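Some notes on the structure that comes next.
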């Protein structure tokens with residue numbers, strides 16, 4: 157058995173170029189900034205890309221050499237100096253390895269830096285130039301990658317997740333190391349072909365509907381002869397860059413014509429179905445009314461327009477304002493980002509009454525601050541372990557967290573910008589989610605991994621915001637036109 161030395165690391169950031177939330181080094185360090193063995197400690201038993209890479213390498217008897225891993229919540233454009241630091245830390249640590257057989261990286265695919273609109277392409281090109289050309293570079297990517305020829309050219313293989321919520325990130329980490337084995341040991345020659353489409357779609361889940369059907373279609377292609385992988389990249393629609401757009405990437409074993417033909421065939425099917433991805437969502441008021449007419453509980457209402465997982469502030473008040481206006485019993489809002497209010501609640505203590513302005517402090521697009529009188533009923537440090545299939549075993553820290561009661565509505569206030577992935581943050585404050593008629597939260601689709609099985613119904617609501625489902629609300633400047641759905645009537 158060949159024992160391979162594999163370098164593992166990554167830089168993961170989904171950049172919302174419309175966001176004014178800073179993405180500097182200090183922001184990254186709130187989430188993940190790991191060196192060497194810290195990567196082992198962080199990802200031990202975690203269902204994520206790097207957790208999968210480590211587990212599969214261990215299964216094969218390979219040696220994993222952890223290098224550098226940085227990840228931050230989606231936010232605004234990354235400062236150039238921050239990117240230079242991350243790139244230097246990652247590449248230098250890889251180049252220091254004396255006997256290196258392969259590199260396995262967890263990247264995102266929608267990273268944007270000041271002056272560089274393709275973070276991943278820039279990183280891969282520089283690494284490829286510096287590295288022995290015989291050392292393969294295998295990369296995992298997010299489904300919301302804005303794929304570029306530069307990425308394809310400088311990686312040996314690109315493996316994107318196919319599910320949204322990304323419950324297959326661990327499996328794609330496993331696949332990455334399996335690909336390395338095929339390349340190094342079994343002498344497979346991966347050949348990739350990308351077919352890019354002049355279309356982008358809102359953040360659409362793959363549990364059902366057209367995205368589900370497309371997932372089945374491209375997965376079937378992998379059963380055809382030399383096709384090793386075929387992935388539909390949805391693109392990230394909140395990144396104003398020229399190369400935005402859906403893409404099909406097919407990888408074969410040294411069969412360029414097959415890769416091209418497969419990508420083009422799947423891309424045509426996607427283009428023909430493009431209108432099926434555009435849907436109208438209810439407003440906050442309409443969504444609440446729909447929830448009240450559902451028999452049983454809980455009903456989950458997700459505010460997709462202020463999803464911190466897409467780079468929004470997370471302190472928007474549009475949905476919360478409507479819930480407070482109706483003063484609905486058996487209702488919990490989880491969560492809203494407001495570190496000032498959370499800190500004050502911790503200072504005053506459980507049982508205290510606060511007169512505060514809640515939320516709306518980053519901008520007013522997502523709603524004005526709400527003047528409220530709130531009772532503090534529970535306080536936590538915001539540290540817990542996820543249980544949902546997408547990131548089971550991963551520890552998160554939402555910072556100082558307070559559970560407030562405003563009228564009859566309970567509100568969980570957190571100190572770190574993040575979406576709600578699963579019920580654990582709710583349970584942490586002493587709440588049994590099953591006791592509530594309405595659970596309102598900020599997320600587009602990832603929450604489904606944790607709430608799908610317990611919710612009687614899920615209702616997605618939309619309003620003005622930096623992750624709105626309605627792409628017509630955004631003032632794109634750099635996007636190549638025409639592009640669907642901004643330009644509805646054209647043939648590619």
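Residue numbers (my numbering): 157 to 648. Think of the CB as a built atom: it goes at the ideal place given N, C-alpha and C, for glycine as much as any other residue. These numbers come from a predicted model, not from an experiment.
_Residues that DSSP places opposite residue 260 in a beta bridge_ = Bridge partners of residue 260: 164, 294.
*Do the stretch 563-581 and the stretch 431-438 touch if we need at least three Cβ pairs shorter than 8 Å?*
no
*asked:* Using DSSP's beta-bridge definition, name the partner residues of residue 595.
replied: 456, 488
*Only counting runs of 3 or more residues, tell me where the beta strand (DSSP E) segments fall wholly within the stretch 215-252, in order along the chain.*
219-227
*Can the beta-carbon of residue 473 be found closer than 8 Å to that of residue 516?*
yes
*Measuring alpha carbon to alpha carbon, tell me which of 180, 556, 256, 254 ends up nearest residue 227.*
180
_Quick check on the DSSP output: the alpha helix (DSSP H) that includes residue 284 runs from which residue to which?_
275-286
_Distance, residue 347 Cα to residue 410 Cα_ = 5 Å
*Does the beta-carbon of residue 564 have 16 or more other beta-carbons within 10 angstroms, so that it is buried, or is it exposed?*
Burial call: exposed.
*asked:* To the nearest angstrom, how far is the alpha carbon of residue 585 from that of residue 455?
replied: 19 Å
_Boundaries of the beta strand (DSSP E) in which residue 350 is found, first to last residue_ = 346-352
*Taking C-beta to C-beta, are residue 333 and residue 325 nearer than 8 Å?*
no
*Limits of the beta strand (DSSP E) - the one that residue 509 falls within*: 509-514
*Using 10 angstroms around the beta-carbon of residue 615, count the other beta-carbons present and answer buried if the total reaches 16, otherwise exposed.*
buried
*Which value, in whole angstroms, describes the spacing of the CA atoms of residue 531 and residue 503?*
13 Å
*In whole angstroms, what is the alpha-carbon distance linking residue 726 and residue 329?*
No statement about residue 726 is possible, as the shown extent of the chain runs from 157 to 648 and does not include it.
*Can you tell me which of 412, 172, 460 puts its alpha carbon nearest to the alpha carbon of residue 345?*
Measuring C-alpha to C-alpha distances from residue 345 to each of 412, 172, 460 identifies 412 as the nearest.
*Decide yes or no for the touch test of the stretch 288-300 against the stretch 259-278: beta carbon pairs closer than 8 Å, at least 3 of them.*
Result yes; three or more Cβ-Cβ pairs closer than 8 Å.
*What is the residue span of the alpha helix (DSSP H) that residue 474 lies within?*
474-482
_Start and end residues, alpha helix (DSSP H) containing residue 182_ = 181-185
*Can you check DSSP and say which residues form a bridge with residue 385?*
DSSP output for residue 385 lists 407 as bridge partner(s).
*Where residue 448 falls, given that 16 or more other Cβ within 10 Å makes a residue buried*: exposed
*With a 10 Å radius around its C-beta and 16 neighbouring C-beta atoms as the bar for buried, classify residue 476 as buried or exposed.*
Buried is the label assigned to residue 476, since at least 16 other Cβ atoms lie within 10 Å of its Cβ.
_At the level of alpha carbons, what is the spacing between residue 282 and residue 635?_
25 Å
*Quick one: measure Cβ to Cβ for residue 158 and residue 195, integer angstroms, because I've assumed they're closer than 8 Å.*
With a Cβ gap of about 23 Å, residue 158 and residue 195 do not count as contacting.
*Have a look at 290, 641, 526 and flag the residue whose alpha-carbon is nearest the alpha-carbon of residue 336.*
290
_Please report the distance separating the alpha-carbon of residue 270 from that of residue 234._
Distance from the CA atom of residue 270 to the CA atom of residue 234, rounded to whole angstroms, is 6 Å.
*Where residue 129 falls: helix, strand or coil (DSSP)*: A question about residue 129 goes unanswered here, because the residues of the chain that appear run from 157 up to 648.
*asked:* Taking DSSP's pairing of strands, which residues face residue 202 in a bridge?
replied: Answer is none; residue 202 lacks a bridge partner.
*Would you check if the stretch 551-566 and the stretch 208-219 touch, i.e. whether three or more CB-CB distances between them fall below 8 Å?*
no
_Quick check: the Cα distance between residue 301 and residue 390, rounded to an integer number of angstroms?_
7 Å
_I need the straight-line Cα distance from residue 541 to residue 605, nearest angstrom please._
15 Å
_Sequence ranges, alpha helix (DSSP H) only - wholly within the stretch 531-590, length at least 4_ = 580-584
*Report the partner residues of residue 341 according to the DSSP bridge assignment.*
DSSP, once it has assigned bridges, lists no residue as partnering residue 341.
*Going by Cα to Cα distance, which pick from 507, 463, 388 is closest to residue 596?*
463
*Sorted by chain position, which residues of the same chain lie with C-beta nearer than 7 Å to residue 383's C-beta, five sequence neighbours on each side aside?*
377, 406, 408, 414, 418
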